[in-house]
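Have a look at the structure below before the remarks.
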Amino acid sequence: MGRVDGKVAIVTGAASGMGKADAQLLANEGAKVVVADLNETDGQAVADAIGHNALFLRLDVTDESNWKSVVEQTVASFGGLDILVNNAGLLMLGTVVDTQLSAFRKIQAVNSEGVFLGCKHAIPVMEKNGGGSIVNMSSVAALSGVSFALAYAASKGAVTALTKSIAMYCKEQKNGIRCNSIHPDGVKTPMVVKVATGKDTATQEEIDEIGRSANMCEPAEIANLVLYLASDESSFVNGAQMVIDNAATITPPVGI
Ligand SMILES: NC(=O)c1ccc[n+]([C@@H]2O[C@H](COP(=O)([O-])OP(=O)(O)OC[C@H]3O[C@@H](n4cnc5c(N)ncnc54)[C@H](O)[C@@H]3O)[C@@H](O)[C@H]2O)c1
Numbered sequence: 000m001g002r003v004d005g006k007v008a009i010v011t012g013a014a015s016g017m018g019k020a021d022a023q024l025l026a027n028e029g030a031k032v033v034v035a036d037l038n039e040t041d042g043q044a045v046a047d048a049i050g051h052n053a054l055f056l057r058l059d060v061t062d063e064s065n066w067k068s069v070v071e072q073t074v075a076s077f078g079g080l081d082i083l084v085n086n087a088g089l090l091m092l093g094t095v096v097d098t099q100l101s102a103f104r105k106i107q108a109v110n111s112e113g114v115f116l117g118c119k120h121a122i123p124v125m126e127k128n129g130g131g132s133i134v135n136m137s138s139v140a141a142l143s144g145v146s147f148a149l150a151y152a153a154s155k156g157a158v159t160a161l162t163k164s165i166a167m168y169c170k171e172q173k174n175g176i177r178c179n180s181i182h183p184d185g186v187k188t189p190m191v192v193k194v195a196t197g198k199d200t201a202t203q204e205e206i207d208e209i210g211r212s213a214n215m216c217e218p219a220e221i222a223n224l225v226l227y228l229a230s231d232e233s234s235f236v237n238g239a240q241m242v243i244d245n246a247a248t249i250t251p252p253v254g255i
């Protein structure tokens, strides 16, 4: 028996990094998985590698009609929806004075509005199944703020508050749906390498090198937490902000 046997999951941003690891682990543990991403080539490759329990669907998380159709196609293909992992995200550097309004809005659209839209369209379908689990990808940036990534930190702060508001709503509705957020520190994925190098692509060697030097964790270590929250093992965990950072946020600065 897998830990999410027979469940149906949508994972956004599943063509790369943590979303890819989440999709692979959920499928290994018995779920049918929709690999949802803007990146069709890499997303299809992830679904193909998983096999018959996975389906790639192109999704732009900022597009509401796209969300409606992905949820509909998930139900049509796999018979329901039990798990939504809102993982897709963009990182952009910039302080309060050098961030353009258009860039600020773009980051909110993907990282925050995309999560809102996913929850909005998944919840009615999950309710029909008698419940479900939503896992929203936030960041330690939501907890501390980041002077040089203002738009990103603000978007992840919004995800944190959205998550708690949805958890409370679902509890009030007694609809059996739980909603939690995950707050990693550095994870070895293309996202951090692209920002560190300023390039559009990242090789596995670059990911390993930068990840090692900054003491980052593996995407699979985050996926283990996603699996726990997605499974019935976390049946009383609702509205939690799960920090997964090897004590980074509680370690005082050197010298104190
Ligand atoms: N890597 C880290 O250190 C770190 C730390 C904390 C939180 N996070 C968060 O984890 C999540 C995954 O990040 P990652 O590091 O795996 O990044 P990644 O760049 O490897 O993967 C992000 C995926 O999101 C997809 N995506 C981007 N915009 C999209 C859109 N509009 N619609 C659909 N898909 C879209 C990309 O195509 C990509 O496949 C993000 O929300 C990120 O903010 C990352």
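Numbering (numbering that gives the first Met the number 0) for the sequence shown: 0 to 255. Yeah, the Cβ is synthetic: ideal placement off N, Cα and C, and Gly gets one too.
Distance from the C-beta of Asp21 to the nearest heavy atom of ligand 1 is not below 7 Å. Distance from the C-beta of Asp81 to the nearest heavy atom of ligand 1 is not below 7 Å. For Arg2, no alpha helix (DSSP H) encloses it, and the DSSP letter there is neither H nor E. Distance between Thr11 and Leu56, taken at the CA atoms: about 10 Å. Under the criterion of beta carbons closer than 8 Å, Gly175 and Gly129 qualify as touching, at roughly 5 Å.
Asn135 is positioned such that its CB atom lies closer than 8 Å to that of Asn85. In the three-state reduction of the DSSP assignment, Lys127 falls in the helix class, which pools H, G and I. Membership of Leu149 in any beta strand (DSSP E) is not indicated; the residue belongs instead to the alpha helix (DSSP H) covering Leu149 to Gln172. Ala148 is a Cβ neighbour of Leu90, given a cutoff of 8 Å. Spanning the alpha carbons of Cys178 and Ser68 requires a straight line of approximately 22 Å. Distance check between Val60 and each of His120, Gly93, Lys31 and Cys216 places His120 closest, using alpha-carbon atoms only.
Classified as exposed, Lys127 has fewer than 16 neighbouring CB atoms from the shown chains inside 10 Å of its CB. Looking at the backbone, the Cα of Val70 and that of Lys6 are separated by about 14 Å. For Gly1, the closest C-alpha among the options Ala239, Ala229 and Asn245 is that of Ala229.
The C-alpha of Gln99 lies about 21 Å from the C-alpha of Val191. Per DSSP, Ser180 lies in no alpha helix (DSSP H); the unbroken beta strand (DSSP E) holding it starts and ends at Ile176 to Pro183.
Here Asp81 is buried. Its C-beta has 16 or more other C-beta atoms within 10 Å. Inter-residue distance for Leu92 and Ser101 is about 14 Å (C-alpha atoms, whole angstroms).
With a beta-carbon spacing of about 5 Å, Val139 and Thr248 fall inside the 8 Å limit used to define contacts. Restricting attention to beta strand (DSSP E) runs no shorter than 3 residues, the stretch 39-98 encloses them at 53-57 and 82-85, ordered along the chain. The Cβ neighbour count for Lys155, taken over all protein chains shown within 10 Å, is at least 16; the residue is labelled buried. Val186 places its beta carbon 8 Å or farther from that of Ile133. An exposed status is given to Met167, since fewer than 16 other beta-carbon atoms sit within 10 Å of its beta-carbon. Ser234 has its alpha-carbon roughly 15 Å from the corresponding atom of Leu83. Exclusion of Gly254 from the 7 Å shell around ligand 1 follows from its C-beta lying no nearer than that to any non-hydrogen atom of the ligand.
Under DSSP, no beta-bridge partner is assigned to Ser138. When the Cα atoms are used, Ala157 and Lys163 turn out to be separated by approximately 10 Å.
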